[in-house]
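Residue 1 is where the sequence shown starts when you use full-length UniProt numbering, and the numbers rise one by one after that. A virtual CB, placed ideally from N, CA and C, is assigned to each residue, including glycine.
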Amino acid sequence: MPSDLNYQVTRREWSVLNDNDFLCSCCGFQSAPTKEVPSGYVEVFVNSEGEPFLLCSICATSKKLGRQVSGSNNHGLILHVTNLEQAHVSNVARITCTSLVSSLPYAKAAQNLISQFQHMQATKKDYLFLTDTGSVIQTVTALTSIRANKLEEASSIFKHLKYFPSKAEYRHILKYWHQVNPDYFSPPPSLT
């Protein structure tokens with residue numbers, strides 16, 4: 001996967017993307033392809049039963065923290081969140097960060113919400129392996145050092161870790177998604 005997350009899809013991947021309407025099975029975001037971005041920044045994965053499913057770049061990176069995004073290994077924050085699933089965090093991140101990079105009318109409110117999420121960064125108090133609060137790199141190191149016979153125990157320890165992408169590293173993807181699905185980023189009538 002190139003670090004800009006824009007990859008050339010195979011015929012099989014294209015078929016799966018198209019059959020599933022470029023819809024992320026984690027957060028429900030629907031992208032669309034263009035000639036320049038045939039994947040729509042959505043990736044095809046295969047589950048343990050051999051069935052394909054789709055993840056947007058944010059949800060995919062939350063599952064593959066060790067990969068580079070825009071040339072960076074530290075491409076977001078690791079949060080300690082007990083009351084939200086990754087799908088919710090992905091959607092909040094997509095909407096708030098896009099509002100900032102695309103100067104949408106609710107950018108100021110979005111910045112306040114991002115600040116609240118930044119206060120949820122995982123700390124050494126929560127996870128002893130973290131010397132740098134919210135570090136993606138240190139989290140990857142900790143997760144890759146877990147022995148196979150301790151995976152079940154580790155999943156209960158790490159279940160509250162969530163990934164919040166950096167708007168700087170995802171800028172090109174956020175702008176693309178705003179372009180192909182502008183309705184997703186429209187504020188609800190109660191905010192207009």
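By the criterion of a C-beta distance shorter than 8 angstroms, Val37 is surrounded in its chain by Asn6 and Tyr176, once the five residues flanking it on both sides are discounted. Closest by C-alpha distance to Thr139, out of Lys150, Val92, Leu161 and Leu151, is Leu161. At the C-beta level, Gly76 and Ser166 come within 7 angstroms of one another. Around the beta carbon of Thr61, 16 or more other beta carbons sit within 10 angstroms, so the residue counts as buried. For Ala32, the CB contacts under 8 angstroms within the same chain, skipping 5 residues up- and downstream, are Phe22, Gly40, Val180 and Asn181 in chain order. Phe29 counts as buried, since at least 16 other C-beta atoms from the protein chains shown sit within 10 angstroms of its C-beta. With a threshold of 16 other beta carbon atoms within 10 Å, Gly50 falls short and is exposed. Annotation for Leu100: Ala107, Ala110, Gln111 and Lys167 place their beta carbon closer than 7 angstroms to its own, counting only its chain and skipping 5 residues before and after. For the pair Leu54 and Glu43, the Cα-to-Cα distance works out to about 6 angstroms.
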